[in-house]
Amino acid sequence: MPVTANSIITPQTPQTSNAACSAANTTYTTSPTNTVLLITAGANGARVTRVGAIPLETLASAVQLQLFRSRDAGATRVFFESAVAGAYTMADTTEVPTADFGFSDDNPLILAPNERVYAAVRVAKQITFNAEWADY
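To convert, count from 1 in the sequence shown and add 7; that's my numbering.
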């Protein structure tokens, strides 16, 4: 979409995605292992308003959840945000808690054109990450 200088550009295309992580990432360098692509911003960038994660199995102890940014299609991934999934025993009679990274309409994550966000978990547990955003 072409943009006009000095004009406000609002998000145009709502997007959602999911990423399933199960292998551990203990590397915080720019080449982390076991990351999964969660978000790819559009050609004019994106405004992320929600990233959450939900366990798919019992968590005997808390688990660190990780987000990495990349401006070069994943060749370099920079650790920039984390959240914690609390200990939880999977049961038919309980609600599975969702960990929230804190992005919202009032506190969005702004991504550059074609920037990517990758998800990872600190220990080998099955966690699904969910994202909502709009491309400009």
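From the three backbone atoms N, C-alpha and C, an ideal C-beta is built for every residue, glycine too.
Values in this document were obtained by computation on a predicted structure and should not be read as measured data.
DSSP-derived helix/strand/coil call for E122:
Mapped onto the sequence shown, residue 122 falls at position 115. Reduced to three states, the DSSP call for E122 is coil.
Which listed residue (V43, L72 and C28) has its alpha carbon closest to that of A80
Translated into positions along the sequence shown, residue 80 becomes position 73. Nearest to A80 by C-alpha distance, out of V43, L72 and C28, is V43.
T135 in three-state terms, based on DSSP:
Residue 135 sits at position 128 when you count from the first residue of the sequence shown. Note: T135 maps to strand in three-state DSSP.
Alpha-carbon spacing of N114 relative to V55, whole angstroms
To locate residue 114, count along the sequence shown from 1; it is residue 107. To locate residue 55, count along the sequence shown from 1; it is residue 48. Going from the Cα of N114 to the Cα of V55 covers about 9 Å.
Pairwise C-alpha distance: T83 and A106
Reading the sequence shown from its first residue, position 99 is the one you call residue 106. Reading the sequence shown from its first residue, position 76 is the one you call residue 83. Their Cα atoms are separated by approximately 26 Å.
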